[in-house]
Each structure stands twice: as structure tokens, then as C-alpha cells.
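Input: a single structure, listed below in C-alpha cells.
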Amino acid sequence: MLKRTHMCGELRSDHVGQTVTLAGWVNTYRDQGKGLIFIDLRDRDGLTQVVFNLRDVDEAAVNEARSLRREDVVAVQGLVRTRVGGANPRLATGTIEVAADKLEVLGKAETPPILPDEHEAEKIAEEKRLQYRYIDLRRPRMQKMLRTRHEVMQVTRRFFASHGFLEVETPLLIKTTPEGARDFIVPSRLYAGKWYALPQSPQIFKQILMLSGCDRYMQICKCLRDEDPRADRQAEFTQIDLEMSFVTRDDVLAIMSEFITTLWSEILGVDVGEIPVLGYAEALDRYGTDKPDLRFGLELAEISPLAARTEFKIFRDALSKPQGVVKAIRVPAAAGTLTRKKIDGYERLAREAGAGGLATVKYTATGYETGIAKFLEPIADELAAQLALEAGDMVFFAADTRAVALRVLGELRVALGRDLGLIEDAFRCLWVVDFPMFSYNDERGRWESEHHPFVMPREDQIQRLQSDPGGCISSSYDFVINGSECGSGSIRIHRTHIQKKVFEILGLTPQETQLKFGFLLEAFKYGAPPHGGIAFGLDRLIMQLTGVTNIRDVIAFPKTQTGADLMTGAPGPADSEHLKELSVRVHLPKRQIPEPETREPKP
RNA sequence: GGGGCGGUAGCUCAAUUGGAUAGAGUACCGGACUGUCGAUCCGGUGGUUGCGGGUUCGAGUCCCGUCCGCCUCGCCA
């Protein structure tokens with residue numbers, strides 16, 4: 019076999035005169051007839067033009083080159099020389115070419131079902147790209163993604179190692195934990211009828227590591243949650259998981275801010291600047307969400323006191339509800355640009371978000387026009403002053419319970435920012451802190467953890483666990499970048515009596531607590547340091563760093579929305595022998611679930 | 001589980017109100033061409049219109065069911 023001497027993106031004018039050997043895939047071929055054939059050879063590094071010329075090589079080699087087709091794998095030996103036909107400025111190697119004298123076909127390709135062309139990739143059905151992932155991954159952009167992902171992992175390990183973190187692996191086959199997402203479970207062969215769970219996160223193990231004196235832990239680990247995927251969510255995903263002993267919240271935020279700054283600097287050469295900290299309540303009030311996109315303004319305004327002075331029934335009805343509010347969003351200079359159709363779309367969006375409708379008004383030099391203009395007369399000047407209105411602005415109103423109004427305007431804000439082109443090309447990070455400890459689930463009639471059951475209340479809030487669980491503020495924090503939640507953590511409970519109290523609020527009986535978390539409570543008894551940490555969503559960080567909106571594009575081998583792997587055909591059936599060993603019997607529901615189709619390439 | 005969009009040649013798409021032999025680009029096959037570079041030019045092969053049923057003289061098109069993919073709500077401590 020011809021041994022490779024260089025990569026396909028490597029050769030420059032400096033190499034002219036050298037005899038080299040390249041190996042890779044035939045990206046394109048251009049047969050000029052008689053005895054002149056060009057091959058663009060591709061590997062993960064780039065493209066190099068190889069030329070077969072009857073004037074330089076024997077006829078057998080030219081004939082073999084003539085039979086080359088796209089995606090054939092070949093090795094080529096030849097002389098690097100300046101291009102006879104002029105440079106190609108679109109290629110990094112565009113000034114040179116390799117004049118082949120030896121060709122070895124290492125892997126002849128059948129006609130490929132899809133081609134790894136960047137200009138085609140956007141059009142090819144994702145189903146096909148997933149089915150033939152090995153071809154799709156040959157695209158430069160996908161190679162770039164794999165490389166970026168690799169670099170992020172390298173930077174991460176280097177950063178945390180240099181800050182005293184130990185990389186420790188935690189088990190995949192673990193005990194199922196109640197609450198949280200649905201677990202994937204694995205039958206135990208040695209304990210008939212018993213099951214392992216796959217981890218939703220290494221949460222308990224990393225806390226145990228703190229009790230074990232590990233002091234600082236990190237791991238890049240797979241987490242599995244059996245819930246329906248979304249554009250930014252897979253059942254199987256990767257976390258950068260971290261935990262530190264003897265720290266306060268601000269200690270964690272400081273070092274994690276430094277990590278993010280380092281990451282963006284090393285991967286993109288971008289300075290993300292000081293990362294601001296925003297309270298949960300303030301984030302909701304100003305942006306209608308706990309993961310605000312700070313790349314544009316359009317902040318929400320609270321106008322309940324003014325709204326109360328109008329005769330508008332929608333406003334008055336909303337304000338008479340418990341937690342009723344009227345909130346407004348000023349859209350600068352939108353009166354001329356927002357079409358009727360767009361505004362109708364926003365009204366539909368508002369209804370889908372739970373609102374009864376969406377009140378609108380235009381502000382002009384002569385006052386309010388259209389929509390609910392007439393109702394605003396009693397508060398005309400004060401409203402204009404509070405919202406700092408200028409002629410040409412529009413205002414959207416949401417009047418409902420606080421939760422609904424915030425959700426409606428929060429979603430509207432994002433849609434407006436996008437539609438009006440207000441989103442700046444930048445990375446805007448922030449920490450959101452001071453989340454509530456619990457939220458009340460009306461359906462289930464009980465308190466649930468806002469984050470998870472091991473989150474410590476903020477130090478000044480501990481007594482509220484007893485008196486006012488709903489008002490109790492936690493020590494947790496979320497990392498948000500450009501409106502995407504990419505990390506989440508907290509200071510943990512390390513005192514048994516507080517942990518027991520939290521379990522009690524969550525409705526676990528002492529017996530259940532003992533059964534499910536007895537080992538953890540026991541562990542706390544024998545010397546537990548205060549500790550806290552965070553987990554970053556690696557996939558989401560890579561999405562931000564590579565500018566893609568689909569999590570499947572940053573995972574080498576992702577699954578579909580129904581949890582299938584279109585390349586391998588997983589999930590598949592287990593044979594009955596195997597099931598018998600595991601003491602598992604399959605009991606299909608009445609409506610049979612068909613096997614996922616295995617996608618064998620046609621012969 | 002709900003809502004929305006989509007599925008026609010290997011790939012990307014078209015096909016009028018239900019009407020004749022389902023077309024185009026590209027890939028592939030054959031031919032021409034010694035400086036191309038998303039090569040070009042000429043010719044050709046290629047179809048279970050996702051699958052099953054129904055309505056009709058006639059279905060890619062209409063109806064019912066079902067499968068697959070994407071977006072989304074629920075869900076995601």
C-alpha cells in the first residue's frame with residue numbers, strides 16, 4: 019500500500035518539487051478526455067487537486083484514473099507542482115496540484131445514495147443524512163463540528179485539571195431514583211426481576227465523591243432521560259459535570275465564568291466579557307423567561323397601576339384575578355414595518371401561549387391609533403412616559419395572570435426580536451440565580467423541586483422551608499447564553515436534617531426516604547463538607563459555538579425524535595433466549611408496535 | 001398522547017379541476033474534449049408516487065387507516 023506522507027489540506031507552494039503521497043476520497047472528477055483527468059481528493063483536512071496526464075504517466079494509470087468515481091478511496095503518489103491552469107482561490111491548496119505517477123484504489127465505492135457536498139447538504143432530507151451518517155460526516159462542516167467538539171473537550175479537561183479537579187468516572191448501571199425524568203432501565207440477569215437505571219446525571223455520585231474527600235470532581239459523561247426529544251434535546255446527551263467542596267455560590271460562579279470565558283476565547287477567539295448575574299424574578303419581569311436572550315432589548319413593562327385606571331374590560335378582568343397583571347412591550351418603530359399578517363401571527367402565538375388575545379396599539383405624533391387606542395385616553399401621557407414611546411412605535415399588551423402574561427410576552431419578545439432583525443451577532447451570557455426551591459404541582463397536589471431534591475436553600479432562606487416552602491429561595495443557578503440554558507447547578511444540602519426536611523416537603527414518607535435515599539442520608543452522617551457544582555450541556559455549548567440550531571448536528575451519531583438510530587436500526591428486538599436469561603417477558607399492547615425498519619442499502 | 005408540516009427516479013424537486021406514456025436538474029452508464037476546478041457538450045438507463053384499503057370509467061391528486069421524518073405542546077427533578 020502506498021503510505022501517506024501528507025494530508026489533503028496541507029500542501030502549499032513551499033512543497034513544490036516534493037514527491038508526496040496522499041490518501042482520501044474522490045470528491046469530484048473532471049475527465050478532460052484523451053489523457054487528462056483531474057481528481058479532487060478529500061480527507062478530513064481539505065481538498066487537493068490531483069492531475070493524471072498521459073504526457074506524464076503511462077496509459078494504464080490514466081485508464082484507471084478514468085474509472086474513478088465519487089467517494090472511491092484511493093492513494094496517489096506524485097510530484098507537487100504549481101498549477102498549470104492557474105490557481106483556484108477557493109481552495110487552501112489552490113496554488114498547487116499533485117501530478118500523479120502512481121494510483122492505488124484502496125476502496126472502490128458503489129454509487130453513493132447521498133453526496134457529502136456542502137451545497138447539497140441543506141437540501142438532503144435529514145432522514146437520509148442520518149441513515150447514511152458515515153457519508154454525511156465526510157462533509158467539511160461536519161468534520162469541523164467533530165473537531166470543535168474534540169477541542170471543547172480538550173480545553174475543558176485542561177482547564178479543570180489546572181484548577182485542581184479530578185476526572186472521575188461514575189457508574190452507568192445505577193439505582194433508579196424517583197421523580198425527575200423517566201429512567202431508561204436495564205434488567206439484571208443475576209437478580210431476576212430487578213432493574214438498573216441508566217443515569218439521568220451523576221448527581222448523587224458526585225456528591226458522594228465530595229463526601230469521599232475528592233474535593234473537586236469533573237467528568238464528561240453521558241446522561242440518559244427517556245423523554246421526547248426536541249430540536250435542542252436528545253434522550254442521550256453529554257454533560258460537563260462538576261462538583262467542588264468548601265465553596266459558596268459565588269465561588270462556583272466565579273470559576274465557571276472563567277471556564278466559559280476560556281472556552282470562548284480558545285475555541286473562537288471571542289471575548290464574552292463580564293458575565294452578569296440576574297435574579298430569577300427580575301429575569302421573568304423584564305424578559306418573561308428564566309433564560310432570556312440578551313442580544314436584544316424589547317423589555318417587558320409592568321403597567322398594572324395605569325391599566326387599572328382604564329375602562330378596558332380585558333384589563334380590568336385580568337387585574338381582578340389573583341396574581342392578575344397587565345404587562346406591555348414597546349416595539350420601537352414597528353408601526354411601519356409590521357404587517358397586518360405578522361400581527362395576526364403574533365395574536366395566534368399569544369393565544370397558543372395561553373392568552374385570550376393580544377391587545378395592540380400604534381403610537382403616532384397625534385397619539386394612539388387603532389386597536390385599543392380609545393381605552394388608553396385616561397392614561398395616555400403617563401403610559402407614553404413610562405414606556406418612553408416615540409412616534410412610529412407599537413405596543414403589545416398582555417393582561418392575564420402573571421404566569422400567563424409573562425409567558426405570552428416572553429414568547430412574543432423572541433418572535434419580535436427575530437422578525438425585526440434586532441438580534442445582534444454576538445454571544446451574551448448570564449447567570450440566573452435565586453430560583454424558588456419548589457413549585458406547586460396542582461395536578462399532583464404537591465410540591466415539586468424546581469431543580470432537584472438536593473439543592474440547598476439560600477443560607478438566609480433555610481427557616482422558610484418550614485414556614486413558606488413556596489417562597490423559599492434556593493442556591494441554584496443557571497448558565498444562559500443567547501437565550502439557551504446551557505448549564506445548571508447549585509450548592510447542595512450537606513446536612514441530614516435539611517435533606518430530610520426537603521424530602522418531607524416533596525411528600526416522601528420517612529419510609530420512602532429511607533428506602534430510596536437511605537444510603538445518601540447515611541453518608542452525610544460521617545463527615546460531609548459543604549459543596550456545590552454545576553453541569554453544562556456539552557451539546558448545547560457546541561451548538562452555540564458552531565452556530566447550529568439542531569442538536570443532531572453536533573452529535574456524531576444522533577437519534578431521531580422517536581429515539582431510533584436510522585443507521586443501525588436500533589432499537590431492535592431481543593431474542594427469546596436472552597430475554598429468558600433476564601427473566602423478562604415481552605407483553606405488547608393491543609396495537610402492535612412494529613419493528614423499526616432496518617435500512618439496509620439495496621443490493 | 002395532542003397539534004402542524006412533509007414523504008413522487010439513488011438524491012433534490014415538478015406534475016392545472018381527478019384525465020392520456022408521471023417530467024426536470026443532479027447522480028449513474030455510454031460517447032466527445034489536454035488545463036479543468038459545483039467542468040462543459042451529446043445520448044441513454046432509471047418509478048411499488050411511504051404502506052394498506054376505499055370512492056371513481058379513471059387516483060401522485062379525493063376519503064379512511066397506518067408507518068416514517070421534522071417542528072411543537074405535554075414531558076424534560
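Oh and the first sequence: position 463 is 481 in our numbering, straight run, nothing missing.
The beta carbon of each residue, even a glycine, is placed where N, CA and C say it ideally should be.
Computed from a predicted model, the values in this text were never measured in an experiment.
- Per DSSP, M236 is one residue of the beta strand (DSSP E) stretching across 234-242.
- At the C-beta level, L54 and T39 stay beyond 7 angstroms of one another.
- Ranked by Cα distance from D244, the options M262, L271, V204, L584 are led by V204.
- Counting along the chain, no alpha helix (DSSP H) covers T328, and no H or E run does either.
- In this model, S263 and M274 are separated by some 14 angstroms (Cα to Cα).
- The beta carbon of E468 is closer than 8 angstroms to those of F453, P454, M455, F456, S457, S492, S494 in its chain, skipping five residues each way along the sequence.
- In the three-state reduction of the DSSP assignment, R369 falls in the helix class.
- Cβ-Cβ distances below 6 angstroms link L72 to G53, V80 in the same chain, with the five nearest sequence neighbours on each side left out; the list follows chain order.
- DSSP places Y47 in the uninterrupted beta strand (DSSP E) bounded by 37-49.
- The Cβ atoms of V102 and Q36 do not sit closer than 7 angstroms to each other.
- For Y298, the uninterrupted alpha helix (DSSP H) segment begins and ends at 298-305.
- Following the DSSP letters along the chain, one finds M228 inside the alpha helix (DSSP H) bounded by residues 221-229.
- For S275, no beta strand (DSSP E) segment is defined; the enclosing uninterrupted segment is the alpha helix (DSSP H) at 267-286.
- Counting along the chain, the unbroken alpha helix (DSSP H) around Y152 starts and ends at 151-154.
- Counting every other CB atom within 10 Å of its CB across the protein chains shown gives K359 a total below 16, marking it as exposed.
- Going by beta carbons, M412 and A373 fall outside the 7 angstroms limit.
- A direct Cα-Cα distance of roughly 9 angstroms separates A346 from A417.
- The three-state reading of DSSP puts H168 in helix, counting H, G and I together.
- Of all alpha-carbon atoms in R156, V473, A409, L271, the one lying nearest the alpha-carbon of E138 is that of R156.
- In this structure the region 288-302 does not lie against the region 586-596, because fewer than three pairs of beta carbons, one per stretch, are closer than 8 angstroms.
- Per DSSP, the beta-bridge partners of D58 are T46, Q67.
- In the structure shown, the three-state DSSP call for I132 is coil.
- Closest by C-alpha distance to T100, out of V173, V34, D49, is V34.
- Ranked by Cα distance from D496, the first of D486, P487, L556, G507 is G507.
- Of all C-beta pairs linking the region 49-69 to the region 109-117, three or more are shorter than 8 angstroms, placing the two stretches in contact.
- Here Y364 carries a helix assignment [DSSP, helix/strand/coil].
- Counting only residues of its own chain and dropping the five nearest sequence neighbours on each side, I132 has a CB closer than 6 angstroms to the CB of I142, K146, Y150, I153.
- For K543, the three-state secondary structure derived from DSSP is helix.
- At least 7 angstroms separates the beta-carbon of I258 from that of T188.
- Under the three-state reduction of DSSP, K120 is assigned to strand.
- Taken in chain order, the complete alpha helix (DSSP H) segments of 4 or more residues contained in the region 397-474 are 398-405, 420-437.
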